[in-house]
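A.B. asks:
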Amino acid sequence: MIFTIPVTTRVEDFDQNGLLTPPALLSIFENTAVRHANTVGYSPMADSLQNGMSWVITNWRAAVLRAPAYDESFQASTWLCVNPRLATREMLLRTREGEVLARGQAKLALVQRSTGKPCLPTPERLAAYQPEQTTAFSDRLPRLRPPAGYTDRQPVQLRRSDMDYNGHMHNTAYLSLALDAAPQQVRSGGVHSFRISYRSPLQLGDELTLCSAPKDGGWAASFVRQDEVCAVVAINEQLAPL
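Just so you know, the sequence shown maps onto residues 5 to 246 in this note's numbering.
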C-alpha cells in the first residue's frame with residue numbers, strides 16, 4: 005500500500021533562498037512514515053511506550069532532484085518494502101502534477117527497548133502495511149564508511165532538544181550538525197544527495213567530536229564518541245552504483 009498525504013510546511017523549513025532544507029526534507033519523510041504507521045494500527049509512539057518496541061532506522065539515503073520552493077504545493081508518499089534480508093521504508097516527494105522532487109529510503113530494524121536487541125516483526129505486523137515490491141531507488145550504493153582521514157575536528161555539545169522520545173539523538177540532528185560542519189562551498193552549491201549510517205545511538209551527556217573531510221567527490225562527517233564512530237553522514241557523493 006502506497007500512503008500519500010499533502011505536506012504542510014513551516015517557515016523554518018526553508019532556507020534564505022526560499023527552498024526546502026535537507027533536514028526539513030528528512031523530517032517530512034519521517035513524519036509521513038509515522039502517519040502511515042498510525043493508519044495501520046502500529047503507532048511508533050505507542051509501541052515504544054506501551055509495548056517496549058521501537059522501529060530503529062539504521063541507514064538513510066536521499067536524493068534531491070529539485071528542492072521545492074516556499075510557495076509550492078507538494079505531497080509525500082511512503083510504503084514498506086520487505087524482502088528476506090530486511091525491511092525498507094521507501095519515500096517520494098512530488099508535486100501535485102506528479103513531478104518527483106526527492107527520493108528517500110530508510111533501512112529499518114525492530115528493537116526491544118529493554119535489551120537494545122533487534123527482534124523479528126511478526127507476519128501480522130508486516131502484513132498490515134500491505135508491502136510493495138518497488139523501491140524509490142533503482143540502484144544500490146556501496147556501504148557508507150568513514151573517511152580514511154579527517155581535515156577538521158570539532159567538539160559538539162549535545163542538547164536536550166537533540167534527543168527523541170527514545171532518549172537518543174534524533175535522526176535529523178545528525179544531518180543538521182554535519183551540514184553545519186561542511187565547508188561553505190558545499191552548502192552554497194546545494195545538497196543534491198545525502199546518506200546517513202547510524203551505528204550506535206548517542207545520548208545526552210556523551211562527549212562527541214565531529215570529524216569531517218572531503219570524500220568521494222563530496223563531504224563526509226563522522227560522529228565520534230571517544231574512539232567509537234557512532235554515525236557517518238555523507239553529502240553530495242559521486243559514486244558509481246553497485
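Heads up, the beta-carbon is just placed ideally off N, CA and C, and yes, glycines get one too.
1) In angstroms with no decimal places, state the Cα-to-Cα distance between histidine 172 and leucine 206.
2) Give the straight-line distance between the Cα atoms of valine 236 and threonine 62, rounded to the nearest whole angstrom.
3) Going by beta-carbon coordinates alone, are threonine 8 and serine 81 separated by less than 8 angstroms?
4) So does the stretch 124-132 actually touch the stretch 225-242, counting three or more Cβ pairs closer than 8 angstroms?
5) Where DSSP assigns a beta bridge to proline 218, which residues make up the other side?
6) Just to confirm my understanding: we take aspartate 156, look at its own chain, exclude 5 residues before and 5 after, and list those with CB closer than 6 angstroms. What are they?
7) Measuring only the C-alpha atoms, how far is alanine 37 from alanine 106?
8) Could you say which of Thr13, Asp17, Asn21 and Thr25 lies nearest to leucine 183 if we only look at CA atoms?
9) Would you mind working out which of Leu30, Val195, Leu214 and Ser58 sits nearest tyrosine 169, comparing C-alpha positions?
10) Could you check what DSSP says for aspartate 75 in three-state terms: helix, strand or coil?
11) Could you name the residues that DSSP lists as bridge partners for phenylalanine 198?
12) Starting from aspartate 143, follow the beta strand (DSSP E) in both directions and report where the run begins and ends.
13) Going by the DSSP bridge assignment, what does glutamate 232 pair with across the sheet?
14) Here's the rule I'm using: 16 or more other beta-carbon atoms within 10 Å means buried, otherwise exposed. How should isoleucine 6 be labelled?
C.D. replies: On the basis of the supplied data:
1) For the purposes of this step, residue 172 is taken as the residue at position 168 of the sequence shown. For the purposes of this step, residue 206 is taken as the residue at position 202 of the sequence shown. The alpha-carbon atoms of histidine 172 and leucine 206 are separated by roughly 6 angstroms.
2) Counted from its first residue, the sequence shown places residue 236 at position 232. Counted from its first residue, the sequence shown places residue 62 at position 58. Taking the straight line joining both Cα atoms gives about 11 angstroms.
3) Sequence index remark: in the sequence shown, residue 8 carries index 4 (1-based). Sequence index remark: in the sequence shown, residue 81 carries index 77 (1-based). Yes, the Cβ-Cβ distance between threonine 8 and serine 81 is below 8 angstroms.
4) no
5) Sequence index remark: in the sequence shown, residue 218 carries index 214 (1-based). BP columns for proline 218 point to Trp223.
6) Here residue 156 corresponds to residue number 152 of the sequence shown, with the count starting at 1. Closer than 6 angstroms at the Cβ level, and outside the excluded window around aspartate 156, lie Ser216.
7) By one-based count along the sequence shown, residue 37 stands at place 33. By one-based count along the sequence shown, residue 106 stands at place 102. Taking the straight line from one Cα to the other gives about 15 angstroms.
8) Reading the sequence shown from its first residue, position 179 is the one you call residue 183. For leucine 183, the nearest C-alpha among the options comes from Thr25.
9) As a first step, residue 169 is located in the sequence shown; it is residue number 165 there, counting from the start. Shortest Cα-Cα distance from tyrosine 169 to any of Leu30, Val195, Leu214 and Ser58 involves Ser58.
10) For the purposes of this step, residue 75 is taken as residue 71 along the sequence shown, with counting starting at 1. Three-state DSSP puts aspartate 75 in coil, outside helix and strand.
11) As a first step, residue 198 must be located in the sequence shown, where it is residue number 194. Phenylalanine 198 pairs with Ala66 and Ile239.
12) In the sequence shown, the residue the question calls residue 143 occupies position 139. Counting along the chain, aspartate 143 falls outside any beta strand (DSSP E), and DSSP gives it neither H nor E.
13) Here residue 232 is taken as the residue at index 228 of the sequence shown, counted from 1. Beta-bridge pairing links glutamate 232 to Arg229.
14) Position 2 of the sequence shown holds residue 6. That one is exposed.
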